[in-house]
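Heads up: the sequence lines are chains D and R, in that order.
Number 374 marks the last residue of the first sequence (our numbering); no jumps.
Number 374 marks the last residue of the second sequence (our numbering); no jumps.
Using N, Cα and C, we set each Cβ at its ideal position, and we do this for glycine too.
First comes the structure, then the notes that go with it.
Protein chains: 2
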Amino acid sequence: MIKNLVRRNILDIKPYEPGKPIEELKRELNILDIVKMASNENPLGPSKKAIRAMRKAISTVNRYPDGSCYCLKEALSKKLNVSPENLIIGNGSNEIIELVTRTFLDKDEEVIMSEPSFLIYNIASRISDGMPVMVPLTDFKADLNKIRDSIGPRTKLILIDNPNNPTGRSVGEAEVEGFLEKLPDNIIVVFDEAYNEFVEREDFPDTKRYIGRKNIIILRTFSKAHGLSGLRIGYGIASKEAVQFMNRARQPFNVNSVAQAAAIASLRDEEHIANSRLLISEGKRFLYNNLDSMGLRYVKSDTNFILVNAGRSAKAVFEEMLKKGVIVRSMEAYKLDDYIRVTIGTMAENRRFVKTLKEVLTKNDRSSTKSV
Amino acid sequence: MIKNLVRRNILDIKPYEPGKPIEELKRELNILDIVKMASNENPLGPSKKAIRAMRKAISTVNRYPDGSCYCLKEALSKKLNVSPENLIIGNGSNEIIELVTRTFLDKDEEVIMSEPSFLIYNIASRISDGMPVMVPLTDFKADLNKIRDSIGPRTKLILIDNPNNPTGRSVGEAEVEGFLEKLPDNIIVVFDEAYNEFVEREDFPDTKRYIGRKNIIILRTFSKAHGLSGLRIGYGIASKEAVQFMNRARQPFNVNSVAQAAAIASLRDEEHIANSRLLISEGKRFLYNNLDSMGLRYVKSDTNFILVNAGRSAKAVFEEMLKKGVIVRSMEAYKLDDYIRVTIGTMAENRRFVKTLKEVLTKNDRSSTKSV
Numbered sequence: 003m004i005k006n007l008v009r010r011n012i013l014d015i016k017p018y019e020p021g022k023p024i025e026e027l028k029r030e031l032n033i034l035d036i037v038k039m040a041s042n043e044n045p046l047g048p049s050k051k052a053i054r055a056m057r058k059a060i061s062t063v064n065r066y067p068d069g070s071c072y073c074l075k076e077a078l079s080k081k082l083n084v085s086p087e088n089l090i091i092g093n094g095s096n097e098i099i100e101l102v103t104r105t106f107l108d109k110d111e112e113v114i115m116s117e118p119s120f121l122i123y124n125i126a127s128r129i130s131d132g133m134p135v136m137v138p139l140t141d142f143k144a145d146l147n148k149i150r151d152s153i154g155p156r157t158k159l160i161l162i163d164n165p166n167n168p169t170g171r172s173v174g175e176a177e178v179e180g181f182l183e184k185l186p187d188n189i190i191v192v193f194d195e196a197y198n199e200f201v202e203r204e205d206f207p208d209t210k211r212y213i214g215r216k217n218i219i220i221l222r223t224f225s226k227a228h229g230l231s232g233l234r235i236g237y238g239i240a241s242k243e244a245v246q247f248m249n250r251a252r253q254p255f256n257v258n259s260v261a262q263a264a265a266i267a268s269l270r271d272e273e274h275i276a277n278s279r280l281l282i283s284e285g286k287r288f289l290y291n292n293l294d295s296m297g298l299r300y301v302k303s304d305t306n307f308i309l310v311n312a313g314r315s316a317k318a319v320f321e322e323m324l325k326k327g328v329i330v331r332s333m334e335a336y337k338l339d340d341y342i343r344v345t346i347g348t349m350a351e352n353r354r355f356v357k358t359l360k361e362v363l364t365k366n367d368r369s370s371t372k373s374v
Numbered sequence: 003m004i005k006n007l008v009r010r011n012i013l014d015i016k017p018y019e020p021g022k023p024i025e026e027l028k029r030e031l032n033i034l035d036i037v038k039m040a041s042n043e044n045p046l047g048p049s050k051k052a053i054r055a056m057r058k059a060i061s062t063v064n065r066y067p068d069g070s071c072y073c074l075k076e077a078l079s080k081k082l083n084v085s086p087e088n089l090i091i092g093n094g095s096n097e098i099i100e101l102v103t104r105t106f107l108d109k110d111e112e113v114i115m116s117e118p119s120f121l122i123y124n125i126a127s128r129i130s131d132g133m134p135v136m137v138p139l140t141d142f143k144a145d146l147n148k149i150r151d152s153i154g155p156r157t158k159l160i161l162i163d164n165p166n167n168p169t170g171r172s173v174g175e176a177e178v179e180g181f182l183e184k185l186p187d188n189i190i191v192v193f194d195e196a197y198n199e200f201v202e203r204e205d206f207p208d209t210k211r212y213i214g215r216k217n218i219i220i221l222r223t224f225s226k227a228h229g230l231s232g233l234r235i236g237y238g239i240a241s242k243e244a245v246q247f248m249n250r251a252r253q254p255f256n257v258n259s260v261a262q263a264a265a266i267a268s269l270r271d272e273e274h275i276a277n278s279r280l281l282i283s284e285g286k287r288f289l290y291n292n293l294d295s296m297g298l299r300y301v302k303s304d305t306n307f308i309l310v311n312a313g314r315s316a317k318a319v320f321e322e323m324l325k326k327g328v329i330v331r332s333m334e335a336y337k338l339d340d341y342i343r344v345t346i347g348t349m350a351e352n353r354r355f356v357k358t359l360k361e362v363l364t365k366n367d368r369s370s371t372k373s374v
């Protein structure tokens with residue numbers, strides 16, 4: 003029985019359930035016309051500059067990638083105004099979360115995180131033998147006061163998803179400043195800023211400026227606004243020392259060469275990011291208006307997705323929409339049983355979402371009326 | 003001081019030092035005509051079928067990859083005659099090593115491995131709080147008797163690099179059969195078969211047939227014969243139960259979509275593999291002949307690389323060759339101070355290697371004569 007050889011904490015872990023891939027739905031339901039609004043991807047696709055860079059990179063994939071990601075760090079360094087030594091590149095920012103827990107988290111040390119927030123935080127902490135401490139959101143955003151009150155003698159890490167996934171709300175500069183001022187020196191705070199490109203509020207914190215003053219690690223990704231989720235590339239910004247230690251826990255060739263080339267090109271394509279932002283901003287207004295007119299509640303979002311209260315079992319709504327070829331995300335895994343999360347798509351996708359949601363809710367209304 | 007917050011075992015780890023990337027050498031030395039024979043890559047490049055598949059895949063990298071690697075597992079399943087449930091795909095087979103230690107290795111449990119063998123085994127074991135137990139090679143290959151004698155009450159894993167890197171020698175079926183027969187049930191044996199496509203001996207063990215009877219995990223990669231090292235993709239073959247548990251320790255999107263597409267196409271291109279094998283086989287004979295005529299000792303190899311005794315400090319030889327644009331690998335990190343490891347290249351690259359090695363050794367002979 004190999005089960006007896008498995009580490010105790012692995013036995014307790016329930017794997018993360020990702021959004022349904024389009025190909026899988028095609029296989030299962032034999033539907034061809036499918037839209038995926040489930041994984042907060044960029045509906046415009048990757049930048050054309052990135053596509054050109056990838057086309058060039060694929061001919062030399064017989065060579066190992068540059069394990070130090072030299073050129074990408076140079077490019078990011080200029081963009082972010084930090085030293086290349088402040089940067090660590092990962093196989094998606096997910097991997098940076100793992101590198102943080104593997105480098106810093108000792109057995110039974112506590113990791114404070116919001117609930118709900120990105121599920122991988124909890125899983126990664128437990129794989130590293132840490133103890134997740136869940137702090138409820140207030141008004142759908144991280145409650146930094148409650149988080150501070152949860153700090154105890156065994157706290158090692160605090161993970162702040164800003165803006166928060168799956169709610170879309172963020173905490174502002176004043177809150178973060180006050181929180182960090184009182185942060186003890188033996189605690190590391192991770193700000194996961196995967197959606198930062200979509201934030202429109204002016205007082206979104208510039209967390210980089212706390213590096214060196216406090217133990218903080220910032221996570222960013224090329225998976226969202228940059229449209230490179232399929233390639234797996236994200237990064238961390240931290241003190242040089244923190245980066246050096248995390249590098250010891252890192253596989254030497256963790257980031258593939260096509261991703262490195264695409265990310266560098268993508269950073270240069272500011273127009274693509276601007277277009278993506280504009281699309282999301284317009285789509286957001288369109289969806290808000292339609293949800294309003296349907297009488298549905300939702301959370302105002304600083305990201306490219308919207309958390310919508312479907313007013314009934316989200317699982318049923320999710321499944322009905324799936325049958326009609328629209329993939330959204332049901333939120334029971336996040337303990338939000340009545341909520342779906344929809345990624346803002348192209349305007350055509352947004353219209354299809356609204357139409358399908360209306361059909362599904364109307365049908366459900368009728369069937370519930372019938373069954374009364 | 004963030005150092006005080008780092009886990010004890012991370013502080014002790016010296017990161018793996020990879021072979022020098024061509025781009026880095028170009029930057030450093032301003033040499034344009036460089037050949038890299040340092041990382042056991044396929045000098046023919048990726049398969050043309052894989053290039054076509056990559057070209058198609060790059061346009062949709064804005065979508066997350068299929069986290070289950072459904073299509074690749076189907077393709078591998080047919081090729082290997084195992085169930086898709088016996089397969090786990092990784093960000094290179096390096097990641098499968100990490101998944102094994104993370105899933106099965108408890109604090110202070112022992113991991114037996116050969117010395118020298120692939121350095122990542124030692125690093126991955128220590129990151130997971132395990133204790134590496136190093137067993138010397140005999141005649142440059144894994145000594146299964148000594149390994150069995152090293153099994154103790156705390157042994158959890160045995161890692162067998164077959165053929166061994168960096169020596170190139172393999173253990174055969176009879177040895178493996180005898181070893182596994184007496185293997186206790188509370189130990190997991192990992193066979194790393196990264197170079198299996200290059201093995202010419204007829205009695206190379208078909209380890210797959212032990213799955214289910216013994217706790218074994220087989221590692222394979224697309225980085226070597228398949229020429230996809232830049233994309234990071236490898237896999238493990240194990241019992242369904244072992245795969246299920248390792249999946250809990252796996253990031254949901256650990257394998258990028260371009261790699262998945264390329265790997266599937268690459269499996270279909272048997273001609274490319276046959277050509278690569280032929281090239282290596284011919285190159286091996288050419289290099290053996292030339293090393294013989296230079297009076298240098300070397301280890302007969304079952305892989306696409308050769309361990310060569312340079313008869314003097316390999317570090318100096320490595321550095322002299324580097325200056326002349328030929329990248330090989332110096333073996334001090336493997337405690338083989340007089341040895342270099344050379345990857346078999348194209349015939350042009352092999353000739354360049356021989357010519358450059360002759361120049362470097364002759365020059366060294368002269369300077370040592372002078373200094374007497």
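Query: Sub-9 angstroms separation of G387 (chain R) and V63 (chain D) beta-carbons; Result: For residue 387 (chain R) there is no data in the structure shown, the boundaries of chain R being 3 and 374.
Query: 9 angstroms Cβ cutoff met for N376 (chain R) and I4 (chain R); Result: A query on residue 376 (chain R) cannot be resolved here, the shown segment of chain R reaching from 3 to 374 and no further.
Query: Minimum Cβ-Cβ distance from G229 (chain R) to chain D less than 9 angstroms; Result: yes
Query: For K38 (chain R), the residue or residues it bridges with in DSSP; Result: R:I329
Query: Exposure label - L31 (chain R); buried when at least 16 CB within 10 Å; Result: exposed
Query: Counted within 10 angstroms of its Cβ, other Cβ atoms place P23 (chain R) as buried (16 or more) or exposed; Result: buried
Query: Selected residue, minimal CA-CA separation from G313 (chain R), among R:V102, R:F255, R:S225 and R:M333; Result: R:M333
Query: Start and end residues, beta strand (DSSP E) containing M115 (chain R); Result: E112 to E117
Query: Simplified DSSP assignment, three categories, for K372 (chain D); Result: With a pLDDT of 40 at K372 (chain D), under the threshold of 50, the modelled position of this residue cannot be trusted, and the question is left open.
Query: R343 (chain R) - partner residues in DSSP beta bridges; Result: R:L309 and R:R331
Query: Alpha carbon of F106 (chain R) to alpha carbon of L185 (chain D), nearest angstrom; Result: 36 angstroms
Query: Nearest-angstrom Cα separation, counted from E111 (chain R) out to D131 (chain R); Result: 8 angstroms
Query: Any C-beta of chain R under 9 angstroms from that of K143 (chain D); Result: no
Query: Closer than 9 angstroms to chain D by CB, L31 (chain R); Result: no
Query: Helix, strand or coil at P2 (chain R) [DSSP, three-state]; Result: Because chain R is modelled from 3 through 374, residue 2 (chain R) falls outside the range shown and cannot be assessed.
Query: For M296 (chain D), three-class secondary structure by DSSP; Result: coil
Query: Identity of the residues DSSP links to T223 (chain D) by a beta bridge; Result: D:G236
Query: Any C-beta of chain R under 9 angstroms from that of N258 (chain D); Result: yes
Query: Contact belief for G170 (chain D) with S303 (chain D) at Cβ below 8 angstroms, rounded distance in angstroms; Result: 3 angstroms
Query: Same chain only: Cβ atoms within 7 angstroms of E87 (chain R), ignoring 5 sequence neighbours per side; Result: K242 and V245
Query: Contact residues within the region 100–114 of chain R, judged by C-beta distance below 8 angstroms to chain D; Result: E100, R104, T105, F106, L107, D108 and K109
Query: Distance, M248 (chain R) Cα to K58 (chain D) Cα; Result: 35 angstroms
Query: Nearest-angstrom Cβ-Cβ length linking P168 (chain D) and P118 (chain D), presumed shorter than 8 angstroms; Result: 6 angstroms
Query: Proximity of L161 (chain D) and D108 (chain D) at Cβ, strictly below 9 angstroms; Result: no
Query: Cross-chain neighbours of L233 (chain D) in chain R, by beta carbon under 8 angstroms; Result: V63, N258, S259 and V260
Query: Host beta strand (DSSP E) of G92 (chain R) (start-end); Result: L89 to G92
Query: Closest by C-alpha distance to A176 (chain R), when choosing among R:D208, R:D187, R:R156 and R:N188; Result: R:D208
Query: Continuous alpha helix (DSSP H) stretch holding M3 (chain D): start and end; Result: Looking at the DSSP string, M3 (chain D) is not in any alpha helix (DSSP H), and its letter there is neither H nor E.
Query: Exposure label - L7 (chain R); buried when at least 16 CB within 10 Å; Result: buried
Query: Chain-ordered neighbours of F255 (chain D) on chain C, where CB pairs are closer than 8 angstroms; Result: Absence of chain C from the displayed structure is noted, the protein chains being D and R.
Query: Within 7 angstroms of chain D by C-beta, residues of the region 182–196 of chain R in sequence order; Result: N188 and I190
Query: Three-way DSSP call (helix, strand, coil) for T157 (chain R) in this model; Result: strand
Query: CB of E199 (chain R) within 9 angstroms of CB of S278 (chain R), strictly; Result: yes
Query: is_contact[D243 (chain D), chain R] using C-beta, thresh 9 angstroms; Result: Reading off the sequence shown, one finds Glu at residue 243 (chain D), where the question assumed Asp. It does: the Cβ of E243 (chain D) has a partner Cβ on chain R nearer than 9 angstroms.
Query: C-beta neighbour in chain R for T371 (chain D), strict 9 angstroms; Result: Confidence in T371 (chain D) is poor, its pLDDT being 42 and thus under 50, which makes the residue's placement unreliable; the coordinate value appears in the next sentence. It does not: the Cβ of T371 (chain D) has no partner Cβ on chain R nearer than 9 angstroms.
Query: Per-residue burial, R65 (chain R) [other beta carbons within 10 Å of its own, 16 or more giving buried]; Result: buried
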